[in-house]
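Notes to accompany the following structure.
Protein chains in written order, with this note's numbering: chain A, 77 to 367; chain B, 531 to 787; chain C, 50 to 367.
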């Protein structure tokens, strides 16, 4: 039981991260019908710049967090403006190659800036781990869980309550019709990129204290985030978060009870199974296509 | 021919999208070598019916039988093999390929060369390829595009692209040809040519189902007309009766109050 | 047919040029570089069939390259089986794996295939790295034997040069034949419009699976040639970055262009040799090149430059 709980906690923590990354994929897909293959690299940049800001520049964690999220969001917008909007024929294969190109480019840049070695930073708050029924729960894990759920709630409100959120959604359904009623669809796509990559930065910033971030962490995290999004139904907000938790817990159980070599294979096997049997996701209902 | 005298039998099919009943227990049948028009005001369910017959999605209830065989559960390409050809409302040609190549793709189900065959080029397959090219040129000649065989298909003017799509659909040697608004975007002269083409397609023994907005074309070329309104069939008969049918007038012009 | 004849002439000229090069070049380093150009050309061609012609992307193609290399390494070294028997085993393994991975993913649209193959590539690389008892782990696999026919061994660079470029030429001809046939037309039709292709009777899922399996077989063959040339393989050669390198070759050379594969492979093999500081900037350069080419010359370098030239001529004529 104690062992189970320990794996469960670690699964939840990782799951929350996958969930936030999945949210980034989902919200971009929902607003633009596009999958950004460089999403994981924005997570990497978020994590590494968090380390630099807090450790090298000694900026307080809370300020560093907002600077990182805002800065990476801005970087995402620059990327959209320079490399996505300029595409003449936005077919999937062209967009895939461009975002893959961006991914490799950012990873190379990350390597030049931060070097090949992994970095580290202390947790946000210096409490000792909690003891719950004999299992250890890191305080940073609580931060991660709280922030993940907060982010999802904010996004939910953004889509339901704000005009911009609704407008963004309208663009996704029908660009031309949205344009006819006066919604600036180009602005919306730009904003969606900013939000999505900013969300990636959130994920990066909060795992920086627990993962030893390095320049090459993005691909695996991106892949797992995508897997989580597929589990929950690509485009579904709560589905993405739940998909993240599901993947995190399954992965932790696989590592704990079967074999540690299974860790990275779990996500991929799940992804293949989902793609094969239920491409609409296993959490969201079949009839609900994109909500 | 099976014992069933109808080539295509649509038997009380229904289809709903969410709360909208797009097709509501519609039945009709096509006899061989007829030209049937499917008309109705916007939103009547014509496109839905067309997609049901071409196997894009299945009906919620009811059955569609082609030559007596139910088409449910068959993939789109299998239906083509069974003898069901179609064109698209918005003309979907293979834009990077030449006019001739487009028609050659249309011959896909009538040819058999696979990867290994294409590598070894056995005499049988060389012959097949030569025949296919001859056949494709014949079809292009039939629609009047033979001179343009080696042009890129996307360079053709829109009206000719329509004709090319028709030739491509005919290449699969269909028994039933489904045309989705073939006159949309054509001028009057082109529409007349199209009408004559449809007429001669029938003479080759092919049954035609025409979903169309253009009343003049429908009235002139069709033997029978089926009228849909809000998912229901409201009339069926020869053009003359349809023209004077009160329910049809009401559907198109609004009910007099 | 006319196009095929032209292609045959081009192949003939190319074969003559390759033979002359192989006979005249004495420098072992140059010969080796050209052997790698040949292997990379085969790789690029294999991906071009899938990506350029059928419009289906694979971001894990290096996995099949690696499967070919590791299968022959394990069979011919660990189990002492003749490489000529290991060859069909390597190709067949790659084809079987491609079949099982491709079946679920190819039924879906571009993004899913890309993500599926990306994950597949990473997982295969993890297996190469972690399955130490079989693959030698991260430090690699040593002692792969050279290829021999009877007493004739392909043990000099010159001999290997002819072997590799012979295979490349053979696949130039094969691929052109496939592209100009019913199968090739169906593939290009899928590229241009999957719905329309299905509506004229092409079994799109089956066709995509076939070309995916063929493409995996070619990549695996390239891996076989690589392993028996260099006698030592390690997981790094078949990493995600290697997959991206293959994509870059295809994109630069030109999608749906057989000769473009040669150009792309040549450039991407030579650049790292020429630019000394290349290693540190390798990823950034690939990334930038992929983005720039896709934005400005989506047809690739060959066609793109031709287009620019023709446009400027037209302008001058006016």
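Yeah, the Cβ is synthetic: ideal placement off N, Cα and C, and Gly gets one too.
Please read these numbers as outputs of a predicted model, since none were measured by experiment.
Where the alpha helix (DSSP H) containing residue 699 of chain B begins and where it ends: Per DSSP, the unbroken alpha helix (DSSP H) holding residue 699 of chain B starts and ends at 688-701.
Rounded straight-line distance, which links the Cα of residue 701 of chain B to that of residue 669 of chain B: 7 Å
Residues bridged to residue 615 of chain B (per DSSP): B:707
Endpoints, the beta strand (DSSP E) within which residue 156 of chain A is located: Premise fails: residue 156 of chain A is in no beta strand (DSSP E) and is neither H nor E.
Spatial distance of residue 268 of chain A from residue 294 of chain A (CA atoms): 20 Å
Minimum Cβ-Cβ distance from residue 98 of chain C to chain A less than 8 Å: no
Residue 96 of chain A - DSSP class collapsed to helix/strand/coil: helix
Residue 257 of chain C - containing alpha helix (DSSP H), residue span: 253-279 is the extent of the alpha helix (DSSP H) around residue 257 of chain C.
Within the stretch 695-781 of chain B, ranges of the alpha helix (DSSP H) (whole runs, at least 4 residues): Fully enclosed alpha helix (DSSP H) runs of 4 or longer: 718-733, 745-751 and 769-773.
Residue 558 of chain B - containing beta strand (DSSP E), residue span: Counting along the chain, the unbroken beta strand (DSSP E) around residue 558 of chain B starts and ends at 550-560.
Rounded separation between residue 177 of chain A and residue 655 of chain B - CA only: 42 Å
Residue-level contact to chain A via CB, residue 165 of chain C, 8 Å cutoff: yes
Closest Cα partner of residue 593 of chain B within the set B:561, B:555 and B:645: B:555
Any C-beta of chain B under 8 Å from that of residue 356 of chain C: no
Chain-ordered residues of the stretch 303-330 of chain C with a beta carbon less than 8 Å from chain A: 329 and 330
Exposed unless 16 or more other CB atoms sit within 10 angstroms - verdict on residue 120 of chain A: The residue in question, residue 120 of chain A, is buried, as its Cβ has 16 or more Cβ neighbours within 10 Å.
Contacts around residue 216 of chain C, its chain only, beta-carbon distance under 8 Å, and the 5 residues preceding and following it disregarded: 87, 91, 270 and 274
Cβ shell of residue 191 of chain C (< 6 Å), same chain only, five flanking positions each side left out: 281
With 16 other Cβ atoms within 10 Å as the buried cut-off, status of residue 106 of chain A: buried
Where residue 565 of chain B sits in the DSSP three-state scheme: strand
CB contact check: residue 352 of chain A to chain C, cutoff 8 Å: yes
Touching by the beta-carbon criterion (3+ pairs, under 8 Å), the stretch 689-700 of chain B and the stretch 607-619 of chain B: In short, these stretches touch, since the Cβ pair count reaches three.
Through-space distance from residue 208 of chain A to residue 77 of chain A, alpha-carbon basis: 11 Å
In DSSP terms, what residue 682 of chain B is bridged to: The partner list for residue 682 of chain B (beta bridge, DSSP) reads B:628.
Opposing strand residues paired with residue 591 of chain B [DSSP bridges]: B:544
When C:338, C:256, C:247 and C:322 are compared against residue 586 of chain B, the one with the closest alpha-carbon: C:247
Residue 762 of chain B versus residue 553 of chain B: straight-line alpha-carbon distance, rounded: 6 Å
Residue 385 of chain C versus residue 172 of chain A - alpha carbon distance: What is shown of chain C runs 50 to 367, which leaves residue 385 of chain C out entirely.
Residues within the stretch 688-712 of chain B neighbouring chain C, beta-carbon criterion of under 8 Å: 698, 699, 701 and 702
Cutoff 8 Å: residue 55 of chain C Cβ touching any chain B Cβ: So no, residue 55 of chain C is outside the interface.
CB contact check: residue 344 of chain C to chain A, cutoff 8 Å: yes
Cutoff 8 Å: residue 645 of chain B Cβ touching any chain C Cβ: yes
Local conformation of residue 622 of chain B per DSSP, three classes: coil
Spatial distance of residue 201 of chain C from residue 109 of chain C (CA atoms): 36 Å
Bounding residues of the alpha helix (DSSP H) (the contiguous stretch that carries residue 312 of chain C): From DSSP, the alpha helix (DSSP H) with residue 312 of chain C extends over 307-323.
is_contact[residue 106 of chain C, chain B] using C-beta, thresh 8 Å: Cβ-Cβ to chain B under 8 Å: no for residue 106 of chain C.
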